[in-house]
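Residue numbers (this note's numbering): 9 to 372.
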């Protein structure tokens, strides 16, 4: 039993640390996921959840940092009576979220491990059920754990962990994630990412006379009833499936992969940092050499963006895209990316607007 108890401690501690650090790396992505949950709950459970939507970023930072702190606390056996109780409350809360997602297909990605590890809703729920059992063991046998550090030293470690991860989360919010796990990371070829890496292979599951049959090709003979189709090589599926850019004249998706483009992304100009456009306009002015074409992508409607671009004097062509996709491309509003024939050469937060020389250096 001793081995099981200590194995549970290590598994719980490491999982919480890894999960928390991944979310601390990208708190805005976690906040977007929490907004989804709040909006779903507001519609399905109680309207007051709408009140929580503006505070999604605060909750994202707090819960992400708390995960890391709890993971460290478990590994050093810090005040296990309190730690195991908080862990139990947290995992029950997370299990409810993942069950709700899986059962009602409301939020198809819980964001448990951010964009680093994608889990289906049922996989997330299963993972949380295992954690409930492991944390339950820690909760029952908390007295068997002796602190590995003196209480004062343990407190310093826990407080330092909280302070450091809070700082990292705030830094990531005001700049960009330290590690980009998304399909739009620097170096990604967006055009190729929209294509399968190899031919997709499917298995067709059919029934006939009460018997189930599996085929590599869709059967052409009669008598079979379609039941399901399973992708046999999901790792070969396109990494990007929802990138689509357009304007009033038509589709711009493929054209956005041509040439060298400095893309100013503002998914919602009403929430955009207006002051940063002074630096952005200076950057654009320094690129008037025909090498780099500045364009803007937005999810705001045409009239709203027209008024906004006149307000900030953004005299460049603009195109429309889905808000979720634009927020996935870059965690900044506005944000800047450099595309060279569809390859992401650079990404910048509005607090880190580069010089024209930096952009030109990347295009050589």
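C-beta: ideal position from N, C-alpha, C; glycine also.
Would you mind sorting residue i into buried or exposed? The rule is 16 or more other CB atoms within 10 Å of its CB.
i: residue 75; result: buried
i: residue 292; result: buried
i: residue 237; result: exposed
i: residue 44; result: buried
i: residue 18; result: exposed
i: residue 373; result: Lying outside 9 to 372, the shown extent of the chain, residue 373 is not represented and no answer is given.
i: residue 297; result: exposed
i: residue 29; result: buried
i: residue 279; result: exposed
i: residue 155; result: exposed
i: residue 53; result: exposed
i: residue 16; result: buried
i: residue 112; result: exposed
i: residue 166; result: buried
i: residue 133; result: buried
i: residue 104; result: exposed
Give me the residue from the options with the minimum Cα distance to residue i.
i: residue 151; options: 10, 299, 305 and 278; result: 10
i: residue 222; options: 207, 208 and 239; result: 239
i: residue 214; options: 202, 155 and 227; result: 227
i: residue 351; options: 89, 265 and 30; result: 265
i: residue 33; options: 169, 319 and 186; result: 186
i: residue 77; options: 168, 279 and 321; result: 168
i: residue 85; options: 157, 299 and 105; result: 157
i: residue 229; options: 297, 216 and 325; result: 216
i: residue 81; options: 70, 94 and 256; result: 94
i: residue 233; options: 218, 144, 261 and 269; result: 218
i: residue 359; options: 279, 344, 14 and 370; result: 344
i: residue 196; options: 357, 364, 21 and 346; result: 346
i: residue 312; options: 332, 100, 145 and 275; result: 275
i: residue 147; options: 91, 100 and 136; result: 91
i: residue 110; options: 321, 255 and 136; result: 136
i: residue 141; options: 155, 100, 105 and 154; result: 100
i: residue 328; options: 295, 113, 153 and 258; result: 258
i: residue 253; options: 198, 184 and 362; result: 198
i: residue 262; options: 322, 26, 201 and 208; result: 201
i: residue 204; options: 224, 171 and 244; result: 244
Apart from the five residues just before and just after residue i, which ones in its own chain have a Cβ nearer than 6 Å to its Cβ?
i: residue 174; result: 73
i: residue 281; result: 358
i: residue 325; result: 303
i: residue 353; result: 346 and 370
i: residue 206; result: 244
Less than 8 Å between C-beta atoms, sequence neighbours within five positions excluded: which residues of the same chain meet that for residue i?
i: residue 46; result: 57, 58, 60, 61 and 64
i: residue 235; result: 213, 214, 215 and 220
i: residue 20; result: 79, 82, 95, 139, 142, 143 and 146
i: residue 342; result: 272, 273, 274, 280, 281, 284, 285, 288 and 358
i: residue 295; result: 270, 302, 364, 367 and 368
Name the one or two DSSP bridge partners that residue i has.
i: residue 351; result: 197 and 348
i: residue 222; result: 213
i: residue 269; result: 301 and 347
i: residue 108; result: In the DSSP output, where bridge partners are listed per residue, residue 108 has none listed.
i: residue 45; result: Beta-bridge pairing links residue 45 to no other residue.
i: residue 183; result: According to DSSP, which records beta bridges pairwise, residue 183 is partnered with nothing at all.
i: residue 259; result: 254
For residue i, which residues in the same chain have their Cβ closer than 7 Å to its Cβ, ignoring the five residues on either side in sequence?
i: residue 35; result: 65, 68, 69, 72, 177, 180 and 181
i: residue 340; result: 184, 357 and 358
Counting Cβ pairs closer than 8 Å, one from the segment 164-184 and one from the segment 128-143, do we hit at least three? Touching, no.
Sufficient close CB pairs (3 or more, under 8 Å) joining the segment 155-163 to the segment 32-42: no
Count Cβ pairs between the segment 294-311 and the segment 244-251 that sit closer than 8 Å; are there 3 or more? no
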